[in-house]
Every structure is written in C-alpha cells, then in structure tokens.
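What follows is one structure encoded as structure tokens, with my remarks underneath.
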Amino acid sequence: MREMPANQLNPRIKSVWRINDAIWIAVSFLCCFLPFAIIALVAPEEAWAGVVALIVAIVFAALLVLCVVVLPPIRYARWRYELTPDYLDIARGIFWRKRFVIPFIRVQNTDTRQGPILRAFGLSSVTVATAAGEHEIPGLGIEEADVLRDRAAELARLAREDV
Amino acid sequence: MSAPNVPPQAPAPMPNPPAPAPAPMPPAAAAPSTELPRHHVHHSYIWLESVRTIFIIAVCVVVANFSTIIGLVAEEGMGAEAGFIMAVAGIGTLVVILLTFGIVAGLRVVGYKHLYFTVGPDEFTLCSGIFNKKQVHVPYQRVQSVDQRATLLQRLFGVCTVSIDTAGGAANKAVVVPYVTKAQAEWLRAELYNRKNALAAQAAVASGMAGAASATATGMAGAGDPIPQSVEAGIAAMAQGAATFAGNVPSPAAAGNVLDVGAEAWNQVGGVFAGPAQDTGRVTYEYGLTNKELFLAGLSNTTSVGLIFAGLVVGVLQIVGFIFDVMGDAADGAVESALVFADSQASAYLIGAVSAGVIVLVLVLWVLSAVGSCIGYGGFKARRRNNRIEVEYGLLQHTFQGIDIDRVQSVVVKQSFIRRLLGYCELSLGKIDAGVSEDSSSQKNTLANQGIVIHPFVKMNRVPEILAGLVPEFADLPREAKPVAKVALRRALIRRGIIQGGGFWLAVVATLCLAGLTWMGATGTAELLELDSDDLFLLSIGWNVVIVCGYGLAAILLVVDLVGAVLWARESSFAYNHRFMQVSNGGLSRETVSFPRQKIQFGCTKSNPLQRRAGTDTLLATTAAGSGGTTTTLIDASHADAMAWLDWLKPGGNQ
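From first to last, the protein sequence lines stand for chains A and B. Those letters in the first sequence? Residues 1 to 163, per full-length UniProt numbering, in order. Those letters in the second sequence? Residues 1 to 655, per full-length UniProt numbering, in order.
Given below as structure tokens:
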C-alpha cells in the first residue's frame, strides 16, 4: 500500500457526524415507530402492532449505536486528504476504500459551505467541483478551510479554460 | 387580434407597442446589444407552428364533438332539425378553431418580434419572451457542439432548429434557436466555430508565451500537462492530416446505399426557404453507409431486437400452453377420449393458428421497425471538415450534429452481442451533452443522447482507417495493454455467475417454487380447495412443466453468464501512454473506450475487503462526457498497476 495522504480532518467532525446521524435516525425512527405505537395504544387487542413497534425500536437503537459510537472514529481515521501543488489527494471509505486524484487544472470552482451544525462547532466544508461532479472535504477549521479554498481556487485559475 | 404582418427583418430597434410616447429612447434599450445587428428567425416560426397547433386543436375538437353528434343522429334520426343542429355545431367549431388560430398566430407574431439573436465579439446572445424577457448569453469558448434538427414539415420548408450545447451551469441546458433557414443555420454554425477558434488561438498564443516564460524561469522545459502546443504546430498537424487523407476521400457513389438517392434528392431540392448552401470549410474525409451496413444497422436496432425477443417469448408461451392443453385433454377419461381427441385437435389447430398469427404480427412489426430505423439512418454521412466532425442522418426527420475536435471527450468502440458475432461494431464519440430546454418540442432522438454515433455498424478492420480519417488526433493510442489480474477470473465467475447471475437466481426461485409445491402437496392443501384428482393431476403437470422450463432457462443463463465472465477476464485491460488512456471491457458484448489524458476530470481507485485480500483494485476514470460526467470502470486491475495508474494521473505523471 502506498503512503496515505498526510492531513486528517478536524477531530470535531466526529461530533458533527454523530449529531447529523442522530438527527436523521431520530426522524426516520419516529416515522416508522409512531404509526405502530399509535395502533398499539388505541387498539390494545392488536398485539402485532406492539411487536412491530418493539422490533423497530430495537433496530433503530442498534443503528444509533452503530452510527454514533462505532462508525465515527473509524470514519475519521480513514478520511485523509492532501493538497499538493498540482492535485488533491483524497482517501476515504471503511469497507469500500476509495482513493481520488483530482488535478487542480480540472477544477472548475471551489467553495466553502457551513451548515448550522458545522458552524456550531466552528467548522466548514470545502467543495471542489470539476466538470464531472464535485468532491467535498468536510469538517475543516474555518481558517484552514478558507486557506484551502483560496489555494485550490488559485491553482484552478491556472487551469486551461476548456473542458 | 389583427396584428400587422410585419416583414421579417427590421434592424432598427422595435418600438414597444404599449408605450404611448415614442420619442425618448429608454437607456436600457440603447444597451450595447442594439449596436449589433439583430438576426430574426425565419417567419415560418409564426405560421408553421400555428398551423401545427391548429391541427392539434382541430383534431381535439372533432374528437370531442364526434360522440355528441353521433348521439344526436342516433336519437333524432336524420331529420331537418338534426341537420340544423349539426350545421350550428359545425359553424361553432369552425369559429372556435379560427379564433384559436387568430390568438395563437397573434401571440406568435408578437413573440416573433421579440425573438432574435446577436453574434457579438465574445458571445452569442439569444433574446426571447414577450412579457418575461429572457436573454441567454453563450461565450464562444463555452460552445460544445452545434446541432440542427428538422422535422419532416420543417424540412419541406427548408428550416431547422439549431441547438447550441454548452458545458457547465447547473441545468446545463442547450440554447435552442427555432425555425432558422438552412442557410442561416449553416452560417451561424460556421460563425460560432470561427469566432471560437479565433478566441482560442488568441488565448493559446497568450498562454503559450506565458508558458514559455515560466518554463525558462523554472528551468523546466515542456513542464505542465496540458501541452500548450503553439497554434502553428496545431495548424501544421492539421494540414498534414488533411493532406494525408485528402487523397482517399471515398466518392459517395462507391460507398453509397439505396437511400442515399433520397438524401441527394433532399439536398437538391433543399426546401422552400432553404437558401443557397454556405461554404463552411473544406472536407478532408467523408463516408456514408453501404447497403449492407445500412440494413444491418436497421435490423439490429435495439427496439427491433426487443420485439423479436418479446415475440419469441409469446410464441413459446403459446406453444407451451398448447402442449399443456393437449396433454390435459389426453389425460381425461378414456371413455370420451375419441370425442375429446377430435375436440382437442380442433383447439390445437386454433391455438396453432393464433400463435402463428402472433409470430407473423411480430415479424411484420419487426420489419416495419427495421425499415423505420433504416430510414432514420438514411443519408447517413460523417465527415471531417477543418477541425470539426459532422454527422448527419435521417431521410425524413433530419439531424445534423457538429462538434469541434477538442470537444471530443472519448472514442467508444462498442460491440453488442449481435455485432460481435458478425465481427462488426458501433463507433461513437463521447461529448458533453446538454439537457434540451423546455421550449423545444420534445423531438428526442435515440441517437442524440449517447454522444455522436459516427458509424452505427462497421467492420472491425475498418475502424482504424475511419478513426485515422475522422479523428487523426487519436492516432497514437496506447499499445501495451495491462490485463486484469489473474485472480480476476475467479472473482468474475463468482460475481457474474452468482451474485449478479440471472441464471443462478432463477434457479433459486424455481427451487423455492418446487419446495412450496411439495409442501402444498404434503399438507394436502388440494383437498381443502376441493379439487378432484384430474384437476390436481393437470395442475401438477403444469407446475412441473413450468419448473422444468425454469431450470432449463436458468441453466442456459448460467452458462451464458459464465462464458461472459471468462471472456471478460480474458479480454479486459487498460492501457495508457503519455497522451491517452484506453479501457477495454470484454465479455459477450465488448466496449473499448479511449480518451485523452486531458479529458480525465479525476480518477479513483476503489477496493472492498475481498479485493484487498486478492490484491486488486477497481479503476474509475471520470470524464465530462454525457450529462453530469461518465465514469469508465475496470474491475480488478492488479494493485500495483492501479497505483501506477494513479501516479500517472497526477499532473506531470506522464513524463
């Protein structure tokens, strides 16, 4: 295996992932759980509804543990990037490990994005777009992100215009 | 609604109809765009489109009223009263149609006044809209391809719809200029390309100088990947290419086909308003389809192949049903067997006739669809003109596609199963496709959505010649192919035979059915359903036939899958040199994609745990072809090869 890219994300991204996943899981849990719970409450003679609600609850609890406790550290450890003068190198993925090489001369535009959760943790994400799709580096410190974006934009500016 | 029939071109800015005070020119109207000549589209925009709309409305009205009139006639008989009512209805319908025509035509007239385009120094501008003004600006450097399409009606009058594809933008819509005369369209196309090339040449000279300066500064000669070839070199290469292939331009008569006569006739007649042909550049290479190629292309059209398959399935089902029936009848009691035999024979004839009818119908449909697609390919011509590649086809509905050589993203050699059996292939060029914007009538063509097909059906050994003539820039494709890893064969057998294998899963389903059936028999569900023994017997025979057929089909599919996997592992490879990359994916149908290094937007290697244990990686090279990019994939290249490829992808990695 060749050497991994040098930089890691900001460690606070783990909390962002946890909160994000927890919100999604909670919403979809309510959508799946409530109908059965209501049936079980309104019509106690329908025993199956309670069973289904219980199963849903167990499945989502397991999912919650997986996404909040188990996955974020592994994901964090596997997510690496490096910004060389010419190209952006990204390695990520837990089971399906991916390694991207994105030459800056192909980059069309770069921008930083910040959702409310990222902002709360003082992070922002940089997006690098090529003519065929974009790549996101989530969770960098705000200043770090700005530097990275400027540098990517500067290098991309030297690129040839046409596609 | 009696708008004056305004003559087409009025270079002076139109006075705004609702504005009462004509004297002061508003400053907005005196914007730079007014300095440029405004080109209006052809006036058939008004009446041709109106006529079409009217036709649709008339059909709707007639259909809607028909039942009422029929009902009246049936109720009252054909008396004087009914005649009166019908006359009133007819006049009313006529009035409605005329009124709608007036409204539509009036709107069209106003819309026509506000629809024009200008060809500025840096960009093409299309202005449209009556109330909601819309201006679309297209910088020449963003033009990907210029296509023109004409429906049969448009073609009769010598007008066409021009669509200009651009790269980028969220929606990535094509700019559509409707109802342009052919002469105007050709002029526009040449103008767009010329201006784009002029701008590109300027930029190239500038960047070339800058590149030279930086190269001397850093002491690195020829640094950088994009190969800033000087314009002179490019032109020289082009001239050379032209000189090489100017000699062997095949004459249309030599490589023609029967439908070329029709296409020639179209070219001779042109259409009512077509205007004189424009000289848009020198053709250095051109070819059409031979009779054989045309017919094979038509016959092997995907829809017709689908029809054959559907027909076969229906026929087989019919025959199975027929056999089942005969067996069922034969199984009935021996006493009435003679009677039943006669009966069953009659029904057998009936079923035979029905299935023969179905097969004949399918054949007729297939022939019709084949003839249709032959006509669609009729007049097919691909040519190289200056540094553009032009493809046109369609005997009735005509399509013309033009693309600049440096917009070609990839060259694809595709062999479907049938083509492979015959030793033929389909050649196409990948380009950045644009979504068609909403105001163009939805004349989607099947060919237009998959890049540009430069030859639908060509013998494999002619491919190098065609590529050398049409795209000499793709001459030095890589030779030394790196095949997939040895272990890929095993993995392919498992992947294609089992995980994605239709045969395997069909066998699983059949087994489940069998198990279910046995269980039903064991628990005696039949008694519960009160079936007598004869019915049960028939039922079990029917089920057995179905399951045996299922297993047979599964076995065939499995063998096909496995053969495909073996072929894939043998033939798949990738290769790269300093300018190009080539990926071949084999199997029962083969596809080889070649693309310049410059067009690779980004590359990626991917591996799952099993691949990591086997020491392989999946390569994914993404180009901007298609809408939203195309990723060319090669599964299971060896890890070392994959890492070397990643290094090659880095800027300067090809040195």
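C-beta: ideal position from N, C-alpha, C; glycine also.
Each residue's CA atom was taken as its position, placing Asp-617 of chain B and Arg-407 of chain B some 30 Å apart. Against Tyr-87 of chain A, the close residues of chain B are Lys-650, Pro-651, in the order they occur along the chain (beta-carbon pairs closer than 7 Å).
Following the DSSP letters along the chain, one finds Cys-127 of chain B inside the beta strand (DSSP E) bounded by residues 123-128. In this chain, Arg-579 of chain B is not harboured by any alpha helix (DSSP H), its DSSP state being neither H nor E. Distances from the CA of Asp-260 of chain B to each of B:Ala-554, B:Gly-288, B:Thr-280, B:Phe-131 were compared; the closest alpha carbon is that of B:Gly-288.
Within chain B, the residues placing a beta-carbon under 7 Å from that of Arg-99 of chain A are Cys-604, Thr-605, Leu-646, ordered along the chain.
Of all residues in the stretch 593-623 of chain B, only Gln-601, Phe-602, Gly-603, Cys-604, Thr-605, Lys-606, Ser-607, Asn-608, Pro-609, Thr-622, Thr-623 place a beta-carbon less than 7 Å from a beta-carbon of chain A.
DSSP lists no bridge partner for Gly-83 of chain B. Lys-459 of chain B: member of the beta strand (DSSP E) spanning 452-459, first to last residue. Of all C-beta pairs linking the stretch 476-484 of chain B to the stretch 628-638 of chain B, three or more are shorter than 8 Å, placing the two stretches in contact. The C-beta of Phe-95 of chain A comes closer than 8 Å to at least one C-beta of chain B. In the three-state scheme derived from DSSP, where H, G and I count as helix and E and B as strand, Thr-84 of chain A is classed as coil. Within the same chain, Cβ atoms closer than 6 Å to the Cβ of Gln-114 of chain A are found at Ser-124, the five residues on either side in sequence being excluded.
Under the DSSP assignment, Asn-291 of chain B falls in the alpha helix (DSSP H) whose first and last residues are 291-299. Its chain contains Leu-83, Leu-88, Phe-104, Val-107, Thr-110, Val-126, Val-128 as the residues whose beta carbon lies nearer than 8 Å to that of Ala-152 of chain A, once the 5 sequence neighbours on both sides are disregarded; these appear in chain order. Taking a C-beta cut-off of 9 Å against chain A, the contacting residues of the stretch 621-643 of chain B are Thr-622, Thr-623, Ala-624, Ala-625, Gly-626, Gly-628, Gly-629, Thr-630, Thr-631, His-639, Ala-642, Met-643, listed in chain order. When Cβ-Cβ separations below 8 Å define contact, Thr-110 of chain A makes no contact with chain B.
Residue burial annotation: Cys-60 of chain B is exposed, with fewer than 16 other C-beta atoms found within 10 angstroms of its C-beta. For Tyr-424 of chain B, the enclosing beta strand (DSSP E) covers residues 424-430. Residues of the stretch 50-67 of chain A with a C-beta atom less than 7 Å from some C-beta of chain B do not occur. Under the Cβ distance rule, Arg-151 of chain A does not count among the residues neighbouring chain B, no pair being separated by less than 8 Å. Taking a C-beta distance under 8 Å as the contact criterion, Val-175 of chain B and Val-205 of chain B do not qualify as a contact pair. By alpha-carbon distance to Thr-290 of chain B, the top candidate from B:Leu-493, B:Trp-519, B:Gly-378 is B:Gly-378.
Among the CB atoms of chain B, one or more fall inside 8 Å of the CB of Pro-103 of chain A. Within the same chain, Leu-72 come within 7 Å of Ile-85 of chain B by CB-CB distance, once the 5 residues on both sides are set aside. Lys-414 of chain B carries a strand assignment under DSSP once its states are collapsed to helix, strand and coil.
Beta-carbon to beta-carbon, Ala-507 of chain B and Ala-554 of chain B are separated by about 4 Å, close enough to satisfy the 8 Å threshold.
Neighbourhood of Thr-130 of chain A in chain B, by CB distance below 9 Å: Gln-601, Phe-602, Thr-622, Ala-624, Gly-629, in chain order. With its beta carbon less than 8 Å from one in chain B, Arg-106 of chain A belongs to the interface. Taking 4 residues as the minimum length, the alpha helix (DSSP H) runs contained wholly in the stretch 147-198 of chain B are 152-156, in order along the chain.
For Gln-409 of chain B, the three-state secondary structure derived from DSSP is coil.
Taking a contact to require three or more Cβ pairs closer than 8 Å, the stretch 111-130 of chain B and the stretch 37-53 of chain B qualify as touching. Beta-bridge analysis with DSSP links Asn-109 of chain A to A:Ala-129. With a threshold of 8 Å between beta carbons, Gly-133 of chain A makes contact with chain B. The stretch 100-117 of chain B makes no contact with the stretch 151-162 of chain B: fewer than 3 CB pairs, one atom from each, lie closer than 8 Å. Look at His-639 of chain B here: in three-state DSSP terms it is helix.
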